[in-house]
Amino acid sequence: YQVHPVHQEFLRNFSSYWERVIVYDIEA
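Sequential numbering of the sequence shown, starting at 669, is according to my numbering.
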């Protein structure tokens, strides 16, 4: 099974997005 580059990019953006959301929730 090989991850599609676009899908991999999406996952990376998605995880970094959630990291910002979590940090924002903690700091809020």
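Where is the CB? At the ideal position from N, CA and C, for every residue including glycine.
Residue range 673-695 is occupied by the alpha helix (DSSP H) that includes H675.
Q676 and V691 have their C-alpha atoms some 23 Å from each other. When rounded, the separation of the alpha-carbon atoms in D693 and F682 is 16 Å.
Within the model, the alpha-carbon separation for V674 versus R680 is close to 10 Å.
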